[in-house]
Amino acid sequence: MNALIGSEVPHDSAHLHVSGAARYLDDLPEPPGLLHAFIYLSPHAHAAITALDVSDVAAALGVHAVMTACDVPGVNDVGPAMPGDPIFANWLVEYHGQSVFAVAAESLAAARRAAKLVRIEYELRQPVLTIDEAMDAQFFVLPSKTLRRGDPQAALARATHRLSGRLEMGGQEHFYLEGQAAMAVPGEDGDMVVHSSTQHPTEVQHLTARALGLADHAVVCQTRRMGGAFGGKESQASLVAVIAALLAQRTERPVKLVLDRDDDMILTGKRHDFRVLYDVGFDSEGLIRGVTFDFAGRCGMSPDLSAAINDRTMFHADNAYFLENVEIVSHRCKTHTVSNTAFRGFGGPQGMVAIEHVIDVIARHLDIDPLLVRQRNFYRAAPADVTPYGMILEDNVIGELVDALVVSSDYAARREGVAAFNASHTWRKRGLALTPVKFGISFTLTQMNQAGALVHVYTDGSVQLNHGGTEMGQGLNTKVAMVVAAVFGLPLHRVKITATTTDKVPNTSPTAASSGTDLNGRAAQIAAETIRARLAEVTATLFDVAAGDIVFADGEVSGGGKALPFIEVVRAAYRNRIQLSSTGFYRTPKLAYDPALMQGRPFYYFAYGAAVSEVEIDTLTGEYRLLRADILHDCGTSLNPEIDLGQIEGGFVQGMGWLTTEELWWDAQGHLCTHAPSTYKIPTCRDVPADFRVALYRNENHEETVHRSKAVGEPPLMLGISVLHALRDAVAAVGSGPVRLDAPATPERVLMEVEARRAVTIVARAAE
Amino acid sequence: MTVLEWLRGPERLRGSKEGCAEGDCGACTVVLAEPWQGRLRYRAVNACILFLPELDGRQLITVEHLACETLHPAQQAMVAHHASQCGFCTPGFVMSLFAAFHTAPVTDREAVDTLLAGNLCRCTGYRPIVEATFAACAAPAPDRFSVTEAQTMAELQAQRKGSLALLYGERRYFAPETKGELAALRLAHPDAVILAGGTDVGLWVTKQHRVLDTVIAIGRVAGLRDIESRDGVLRIGAGVTYTDALEALSALHPSLGVMVTRIGSVQVRNSGTIGGNIANGSPIGDMAPALIALDATLVLRRGDERRHLPIAGLFLAYRRTALQPGEFVERIDVPFMPEDAVFGVHKISKRPDQDISAVCGAIRVRVQEGVVTEARIAYGGMAGIPARAVQAEQALVGRAWSEASVRLAMAALAGDFTPLSDMRASAAYRSVVARNLLLKLWLDDAA
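Set out below in structure tokens:
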């Protein structure tokens, strides 16, 4: 294998990041005549608009255009999969923060000032805000689904032990550091170029065309890089881009729209919060005999991507466990809140939190270490290797991986250490937990598992590469450039990746579902191999050897004892009129999934991992610290271990944040009150333990992915579940009985549960 | 106009990013260098809530300025340790590292956590940034700034030309140099906004989009940034920043120092002032409960008249203070800890660093022969103003300083406050944690 693959080259933009020279959307040079846009947000969660008069807004100083629902020339909707997300509210607002109209003015301040001059009247309606309210009203954005295997009811009835309960988990704000942003530049003949901070340039292109009443060929969407995305710019970038384009079309001037942090957090969707009801039957060893789940996810006011997200919740309610008799019901609740959307894990984490909760409940009921219950329920040899949706695990390593982590993390000794600490401390308690991750890799909508790339070799021997994926910090461009450089045997700096643009590679899928490298890396590899085969033919003729004997390495092309620099071969090819450019196309093999039955093979393969977390809580205040975390994660054969480590550590910390300090809080009127970092608390440096031991699990992808690597974007997020369980373990050290600790486990939730357990203990003591 | 708007707008320097416009994410971190006690002092601040005139007399260093043919060690370390992913927060981290490189190179993890508390990263999980910080600080060789320090000092001092008075239409910005000038300006413009560090006032502009007609900036008033201990009293000028007060406050009591390092972040503490935290009358300012418990006195000045007000008397109602028109806080006098005093202060927030308190509690009891002779217990976050817990105090006075007495005070506390529920905490949690804080502070003392 080429030495480049598996090497730890830095991110291709690192030198630009550190010098402030990396351009994000709001840093792009501004074309002359640029106008700035502002969106007016609904102040109510649910109301009919009975009067809307924007004449004063339009007449205000510096204003060039105002657009409402009736001014959209094409379709007034940016719903990604199905309609339901109006660009501008028509007569109904269905969440606090919904876009009602937009202004383009000579400055952002002028646009913002003008928007206040609107005359608008509402007739307030009763909003449905919570999951419980939606479930009571049977208010859904999409029909409920059920996935069943075996006879769970009979298994529950027969089981030695049976427990049921409820848990809740909150949503999560993406908090990409760069907010949503777009700039639209009108061209000749009604054409439009949209620069967008998006994970899905093709969708921005298509939705812009639809809203502007243009054909797709008249719109180009370009994305150089995003300042973070995490799923938050998969569908949510479209609204901002389309509004900028609408205003640009109307004014015939370039228009920029950059959401400030508060508007961004109020206007755009988040991770779905969930309520889960479960009923589980198990034997005295903790082996699950039957289990039912009732998932109710808060989708918000529209379907957005909720169908696939909630499906993925169902697909991950097993996590790494064989559930022989199981029923998974999923309700997609409609509420008058922002439409929830993709977020790293895409519903999978919520499914995993649910099953991990059930495992923990079983272990505490039987008074055995939850790790043992986990291990006893792991997928294992046939017939215990089939998921509830009928996919056979061909690459299962969870047992070995966890065994290795138990040793490397010194789990057994630390379990004793925690017990000893808790026995000798009254007010401080420690907790330890190991949780596994098994995450399915592929878009569950099979058609999305395709990708294209375009590779040019220039006559100076340099290579320009374009693919359909987008760079959001994950190092996709670095990895894909490594793959292409390896094909040609060139040093990395001879390969340059340019901005993702819909006029180079069309009809792309979003950079999502952890699929960026799997799909685009393969497409780019295929494009490069096509050119390499042509160059090999040329060289073979020159050297008078078979093309199969030609080798590309170290900047040289060699065979039959002869060698030429790469550049000489390229020039020879040019002289011989050989095409030095190629597209590449890839579609994921083996997928065979029937969405109607929810059966088959939705995933190409699985990524595995596990984490051990140890926490200490202060039982007087609920405050806590993560003392140590150990992670072992499977990236297959890593293309770039440092980049993969970055994804693992960053994912773990983001998952920990979701389940601990990141709390979204709405008031009784449905106003989001946590809409800035002053009130919404993502982890800081101090929240990450100094003792943080992360290793890659030595493995090779069972499937033929690019250099046998594995996707790594989403799976590590779910390693953060170990922190929630360590907190449960610590709380359990006070008093007795089941632990009630919903997520996020803020200091408040920790303390209130500790207090409740302590009160029960005192009552129990008094009774004695 | 903020420094960030100016940099990204007219100056076309777009390396500094806007991530929140409220001083909480650090993506806009820049470094200010100013002459201080014969040297240049480098301080990281948030450019998003720093008003442009505040630059007067200071050198502004942004991420674009660091590299000179090669990357600065702070930048090199970030590249070498794979410490950037999306890169949007990176310029801010680089500037925090650069400031540490020039001031107090960090050597342990605790110090790195403190250094970086004001820089949010959503991608990396921080570990590579921590390693980059150690690497950058391990090699604090002279850079282009240290070699030209004397010249920069001379230029800055030459530029300093007395008080500032800027007029822009109907709007006025004053930066007086003496207390006398300040007193006169305050009297002449009783409606003016007094700008100290701007960590709160900045948000009125960037978040509430308010237009400030008249601003009196106190940052350069001689004597207002003085802090001195004399006659058993710590005298803190109203313009003293948290950073500058930290050492003296830690000397008063270690728990006070710990609490102060949990207020905001390095960037916020470099700008924010103790006086501002008090004078804005916020119910959740963290200094107020501590200063009430410490029996601090405010020196208020109006024209040439001065009056002394026990600090608890300042707070009348939510964001309403006893300051008269034309009056301002000149100084805060904090008596030294009496020999027989037991003191503790602790803030409760969702996240340990850079978070606003749900509750902040402070207690000072004086104990003679095992009996509490005086008790001062004060809380923030429990009412519309920072306030004393009178019933809890009464429960302690005259009783033995023991867990049993503390438990009586805990029970009595229920009568002192009826807190509210909001996004930071529920009323129930506030009540429980406020109660438990008494026990925690007692246990800390017993330990």
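As you go down the protein sequences, you meet chains A and B in turn.
1 is the number of the first residue of the first sequence in my numbering; add one for each residue after it.
769 is the number of the first residue of the second sequence in my numbering; add one for each residue after it.
Every residue gets a Cβ at the ideal spot worked out from N, C-alpha and C, and that includes glycine.
Please list the terminal residues of the continuous alpha helix (DSSP H) segment that includes residue i.
| i | result |
| --- | --- |
| L787 (chain A) | Outside the shown range of chain A (1 to 768) lies residue 787 (chain A), about which nothing can therefore be said. |
| P841 (chain B) | 841 to 848 |
| D294 (chain A) | Looking at the DSSP string, D294 (chain A) is not in any alpha helix (DSSP H); the run it does join, the beta strand (DSSP E), is 288 to 300. |
| W774 (chain B) | 771 to 776 |
| N1204 (chain B) | 1195 to 1214 |
| F343 (chain A) | No alpha helix (DSSP H) holds F343 (chain A); DSSP gives it neither H nor E. |
| M192 (chain A) | From DSSP, M192 (chain A) is part of no alpha helix (DSSP H) but of the beta strand (DSSP E) over 192 to 196. |
| E537 (chain A) | 522 to 543 |
| I398 (chain A) | 398 to 408 |
Please determine, among the options, the residue with the shortest C-alpha to C-alpha distance to residue i.
| i | options | result |
| --- | --- | --- |
| L591 (chain A) | A:K504, A:M391, A:Q474 | A:M391 |
| H11 (chain A) | B:M769, B:G855, B:G1032 | B:G855 |
| D736 (chain A) | A:A523, A:T292, A:R332, A:H365 | Reading off the sequence shown, one finds Ser at residue 736 (chain A), where the question assumed Asp. Out of A:A523, A:T292, A:R332, A:H365, A:H365 has the C-alpha closest to the C-alpha of S736 (chain A). |
| T50 (chain A) | A:V75, A:A486, A:L92 | A:L92 |
| G489 (chain A) | A:D503, A:G516, A:A536 | A:A536 |
| G461 (chain A) | A:V386, A:V406, A:L580, A:L405 | A:L580 |
| A527 (chain A) | A:I721, A:A546, A:A451 | A:A451 |
| H459 (chain A) | A:V570, A:V612, A:H44 | It is Thr, not His, that sits at residue 459 (chain A) in the sequence shown. Ranking A:V570, A:V612, A:H44 by Cα distance to T459 (chain A) puts A:V570 first. |
| P716 (chain A) | A:E556, A:I441, A:D403 | A:I441 |
| A209 (chain A) | A:H46, A:V78, A:S613, A:L163 | A:V78 |
| V220 (chain A) | A:L597, A:A184, A:G561 | A:A184 |
| L808 (chain B) | B:V862, B:E949, B:I817, B:A918 | B:A918 |
Answer yes or no: does any C-beta atom of chain E fall closer than 8 Å to that of residue i?
| i | result |
| --- | --- |
| P43 (chain A) | Included in the structure are the protein chains A and B, with no chain E among them. |
What first and last residue would you give for the beta strand (DSSP E) that runs through residue i?
| i | result |
| --- | --- |
| Y95 (chain A) | Taken as a continuous stretch (DSSP letters only), Y95 (chain A) belongs to no beta strand (DSSP E), as it is neither H nor E. |
| S613 (chain A) | 605 to 618 |
| M67 (chain A) | 63 to 67 |
| L1020 (chain B) | Taken as a continuous stretch (DSSP letters only), L1020 (chain B) belongs to no beta strand (DSSP E), being part of the alpha helix (DSSP H) at 1010 to 1020. |
| W658 (chain A) | It is not in any beta strand (DSSP E) - W658 (chain A) instead sits in the alpha helix (DSSP H) that spans 641 to 659. |
| L932 (chain B) | 932 to 936 |
| F692 (chain A) | 691 to 696 |
| D630 (chain A) | 624 to 633 |
Would residue i be called buried (16 or more neighbouring beta carbons within 10 Å of its own) or exposed?
| i | result |
| --- | --- |
| S55 (chain A) | exposed |
| H1076 (chain B) | exposed |
| H850 (chain B) | buried |
| H425 (chain A) | exposed |
| V407 (chain A) | exposed |
| A186 (chain A) | The question names Ala, but residue 186 (chain A) in the sequence shown is Pro. Per the 10 Å Cβ criterion, buried. |
| Q1035 (chain B) | buried |
| H96 (chain A) | buried |
Per DSSP, which residues does residue i bridge with? Please list them.
| i | result |
| --- | --- |
| R364 (chain A) | Per DSSP, none; premise fails for R364 (chain A). |
| R275 (chain A) | A:E168, A:A296 |
| V1097 (chain B) | B:L1068 |
| L124 (chain A) | A:A47 |
| D1108 (chain B) | Paired residues: none, contrary to the question. |
| H977 (chain B) | BP columns for H977 (chain B) are empty, so no partner. |
| W666 (chain A) | A:L672 |
| F439 (chain A) | A:A607 |
What does residue i touch in chain A if you count any residue whose Cβ is under 9 Å from its own?
| i | result |
| --- | --- |
| A789 (chain B) | D260, R261, D262, A676 |
| E832 (chain B) | S19, G20, A21 |
| P908 (chain B) | The contacting residues do not exist; P908 (chain B) stays about 18 Å from chain A at best. |
Since residue i meets chain A, which of its residues come closer than 8 Å, beta carbon to beta carbon?
| i | result |
| --- | --- |
| G1040 (chain B) | Neighbours of G1040 (chain B) on chain A: none; closest Cβ ~14 Å, over 8 Å. |
Chain B partners of residue i, CB-CB under 9 Å?
| i | result |
| --- | --- |
| V688 (chain A) | D881, G893, Y894, R895, V898 |
| Y697 (chain A) | Per Cβ cutoff of 9 Å: no residues; Y697 (chain A) is ~18 Å from chain B at best. |
Just to make sure I have the definition right: I need the residues of chain B whose C-beta is within less than 8 Å of the C-beta of residue i. Which are they?
| i | result |
| --- | --- |
| L751 (chain A) | Y1197, V1200, V1201, N1204 |
| E537 (chain A) | Simply none; closest approach about 39 Å. |
Can you name the residues of chain A whose CB is closer than 7 Å to the CB of residue i?
| i | result |
| --- | --- |
| T858 (chain B) | H17, V18 |
| A885 (chain B) | T684, C685, R686 |
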